[in-house]
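K.L.:
In UniProt numbering, the protein residues as written are 1 to 882.
Just so it is clear, CB atoms sit at the ideal spot from N, CA and C, and this is done for glycine as well.
Remember, predicted model here, so these are calculated numbers, not experimental data.
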Ligand SMILES: Nc1ncnc2c1ncn2[C@@H]1O[C@H](COP(=O)(O)OP(=O)(O)OP(=O)(O)O)[C@@H](O)[C@H]1O
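#1: Starting from residue 116, trace the alpha helix (DSSP H) in both directions and tell me its first and last residue.
#2: For residue 843, count neighbouring Cβ atoms within 10 angstroms of its own Cβ and tell me buried if that reaches 16, exposed if not.
#3: Can at least three beta-carbon pairs, one atom from the stretch 91-107 and one from the stretch 32-50, be found at a separation below 8 Å?
#4: Let me check understanding here. Comparing Cα to Cα, which of 59, 33, 626 lies closest to residue 136?
#5: Does the distance from the C-beta atom of residue 742 to that of residue 626 stay below 7 Å?
#6: Count the other CB atoms, across all protein chains shown, that sit within 10 Å of the CB of residue 691; report buried if there are 16 or more and exposed otherwise.
#7: Label residue 419 either buried or exposed according to how many other C-beta atoms from any shown protein chain fall within 10 Å of its C-beta, with 16 as the threshold for buried.
#8: Hey, quick one: how far does the alpha helix (DSSP H) through residue 527 stretch, first residue to last?
#9: On the DSSP bridge assignment, give the partners of residue 21 in chain order.
#10: Does chain B have any CB closer than 7 Å to the CB of residue 581?
#11: Suppose the cutoff is 8 Å on Cβ atoms and the five residues either side in sequence are ignored; what does the same chain contact list for residue 112 look like?
#12: Closer than 8 Å by C-beta to residue 550: which residues in its own chain qualify, once you throw out the five before and the five after it? Chain order, please.
#13: Write down the C-beta distance between residue 99 and residue 39 rounded to the nearest angstrom, noting that I regard them as a contact closer than 8 Å.
#14: For the structure I just gave you, are there three or more beta carbon pairs, one from the stretch 549-563 and one from the stretch 692-709, closer than 8 Å?
#15: Among 496, 640, 644, 661, which one has its Cα closest to the Cα of residue 650?
#16: Taking C-alpha atoms, which residue in 668, 635, 679 lies nearest to residue 643?
#17: Please report the Cβ distance between residue 208 and residue 271, rounded to the nearest whole angstrom; I am assuming they are in contact, meaning their Cβ atoms lie under 8 Å.
#18: In this structure, does DSSP put residue 495 in helix, strand or coil?
#19: With contact counted as at least three CB pairs below 8 Å, one residue from each stretch, are the stretch 58-66 and the stretch 127-141 in contact?
#20: Residues in its own chain within less than 6 Å of residue 199 by CB, not counting five upstream and five downstream?
#21: Below 8 Å, how does it come out for the stretch 166-178 and the stretch 431-441: are there three or more Cβ pairs, yes or no?
#22: Does the contact criterion of 3 or more C-beta pairs under 8 Å hold for the stretch 458-478 versus the stretch 394-409?
#23: Looking at the structure shown, is residue 760 part of a helix, part of a strand, or coil, going by DSSP?
#24: For residue 627, verify whether its CB is less than 6 Å away from any heavy atom of ligand 1.
#25: Closest by CA to residue 884, which one among 527, 564, 719, 517?
#26: Leaving out five residues on either side along the sequence, give the residues of the same chain with a beta carbon under 6 Å from the beta carbon of residue 619.
#27: Ligand 1 and residue 779: does any heavy atom of the ligand fall closer than 6 Å to the residue's C-beta?
#28: Please look up how many angstroms separate the CB atoms of residue 608 and residue 525, rounded, as I've assumed it's under 8 Å.
#29: Taking only heavy atoms of ligand 1 into account, decide whether any of them is closer than 6 Å to the Cβ of residue 789.
#30: Answer yes or no: do residue 411 and residue 379 have a C-beta to C-beta separation smaller than 7 Å?
#31: Report the CB separation of residue 299 from residue 273 in whole angstroms; it is logged as a contact under 8 Å.
#32: Compute the minimum distance between the beta carbon of residue 782 and the heavy atoms of ligand 2, and state whether it is under 6 Å.
#33: Can you tell me whether residue 83 is buried or exposed, with buried defined as 16 or more other CB within 10 angstroms of its CB?
#34: Where does the unbroken alpha helix (DSSP H) through residue 135 begin, and where does it stop?
#35: Buried or exposed: where does residue 267 fall if 16 or more other Cβ atoms within 10 Å of its Cβ makes it buried?
#36: According to DSSP, which residues form a beta bridge with residue 575?
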């Protein structure tokens, strides 16, 4: 019997090897991405079914087959783990094995949770940096691996994530902890109770200790909270607070009438507040509560003096702000500064510095707001509201505190304090925004507390039944069809002129750029002003409403257009009916605009593209990406900003930080990556490369169009993010020309050139993928390619004249000279027809041409293959843009 089992394990082991070999064939990379897809393995998986399960009719025999498969997979897993490390390319086998395990478990051919058992072991076996890689895997497959049989997997997921969190330092690996939490939040249903703190327990171990100051004779009385006559006067011993002395002025009075304590006096009072923050139940004791109130008032009084000082020095604040931004931009890695230490540093020496720091004060006040909300949930009003609510028969009493009440006076005090804090938080840099976020978070939190009181009822809504769906559809139709139809349906263009004018003009009118171009932002300004006038002058309600509606529609459209190019201005817009800020010239304008009349031109008459999405240029190494980008940058100095990548590799001779790359350490790179700081990243030859989100956003904030060189893997990541950009592929005229350029450039040894040529073939092949690139150019004659690229970027490829680089420039050459642009080279089709063809047709025309180009070349040139092992070929492939 035992022998039979071993045979079965061996038999499955062979099938598993076959699956892994197939995986190697279909997945050409050594990275976590892309995931394997099931259809590629269907035939072998069917054999698994027929060999192991077709005769296993009973539950028992199915279980036996599961055990066989589990053992074989674990054997393979252990072997892989023993003979490879996560940093080597060969580790891709492990990702493949996990992918295959997920196919098998989805098909119920092995234990449903086996994948997560393996992941748990894998996490246990790795260092933190290895765990990051494993998390890359988990995140990239999250939906797929948690979709089926989740109830069998959830405990293992929870356990391995918690185990990992226990290993991580909250201070050092803050961002990674965040990734783990986010993974859990995304995997578990929102209403899952497994991580809810049902008994309302507090994190009491998190005790904040602070220095004991040597007591000064003269100050000894004021140092003691209870013995301070001022503070004492605000609290009565039984915890029902006495009102502030001047009770007619609410809450805020303390700082106006009392001098704040000295820093030494405040220090112990301030840090003892933390005791109430981590155990709010302590405040049920009246003595603690009065101490808390006094401490809080003293803290607020001190904070207010700091805020006043800051407000009194606005110029310095702005200067600091500016200096900060400048430094950050030049370094390009300010995201690092966002890492924070979740445990307070309480040394007395730091206290002044801390209270003069805005974010520190904000931190403390948010803690206070949380506690105040907790206290207010015990007020008479809150209790009454809760008693009226429909609670289940068995509410969760441990978070209700039914025997605790907040007295009326204390309620008034808490409300006043809350108001006072709100006013305080709204001041200062982005204060209003900060407070709005805090307010939103806290109000959501109240809902969660309520849900806990209700004993976490399921929040899954039942699916809509077909009957309800049909009824809702019918009533929606009824509600809408009675309305007066618009002469032009929403979202479509007015075609009336087609019937009105002479047939011969119609085609010309259809070509009018105004019909398909995105209008400029400024063109809305006067129209919105007219609407404003109509609103003011409207004689009746109906016309006023019509004008308001019309203004709202225009405002919405202009904001949409502005969202691609003037995102910075959005911060300044407070109300949706007042969007004047959007018409202000943006950052780059004061430097370059002379008359401010046309926002699409700079002072030299240079044109800004209407489409200001980032331009991403890809193509084989040596095809001329760098050359063409440099030409664009040189000829449109103020229009484009070239993206500089981050890398962990050491600078080569002559390379300048910030110009060629941002050279960062591995740790800095990880922090950025974990904090979602990269739009895309990749590893080549053991070094990491990435495109920082911030770098690109900074270029946009300067009013420039980002221009980025990127390989196809980077583009894939951008596309996965749904990132709005224009993707352009540069193809070589043929392989021997490419080879010649690489040799002439002289920057690569012979073996690299061959590898680059091999990679080039793959990239050209990949570029044929329908819709992957928005535009492809064959870089034959450099100047012609440049002109076509420029025309495309500036949206002038359908115009006769390309954009003027300088006001005096000669007219450009005609496009039809060479086959530079793929569409133009497509047989006899006139340009207009090709341009109007459905995108797919254009793409396939392009693919055919590319294929033909490369084929002709392959037939004539010596085959450029079999020079590098797969791993190295891949490495060089990634290197094409690094
Ligand atoms: N259309 C062209 N005709 C002839 N030579 C060209 C053309 N375009 C570029 N070159 C030359 O080809 C060489 C390679 O160009 P470039 O360095 O710009 O390529 P690249 O695509 O940026 O390469 P990499 O990705 O390796 O950085 C350079 O010497 C450049 O001058």
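P.N.:
This is what the structure gives:
#1: 114-125
#2: Its pLDDT being 36, under 50, residue 843 is placed unreliably in this model, and the value from its coordinates should be taken loosely. Its Cβ being crowded by 16 or more others within 10 Å, residue 843 is buried.
#3: yes
#4: 33
#5: no
#6: buried
#7: exposed
#8: 523-537
#9: Residue 21 is not bridged to any residue.
#10: No chain B is part of this structure, which consists of one protein chain only.
#11: 105, 148, 149, 152, 153
#12: 531, 534
#13: Actually they are not in contact, since the Cβ atoms of residue 99 and residue 39 sit about 13 Å apart, beyond 8 Å.
#14: no
#15: 661
#16: 679
#17: 6 Å
#18: coil
#19: no
#20: 398
#21: no
#22: no
#23: helix
#24: yes
#25: Missing from the structure shown is residue 884; the chain here goes from 1 to 882 and no further.
#26: 625, 729, 730
#27: yes
#28: Not confirmed; about 17 Å, so no contact.
#29: no
#30: yes
#31: 7 Å
#32: The model depicted lacks ligand 2 and carries ligand 1 instead.
#33: exposed
#34: 128-140
#35: buried
#36: 578
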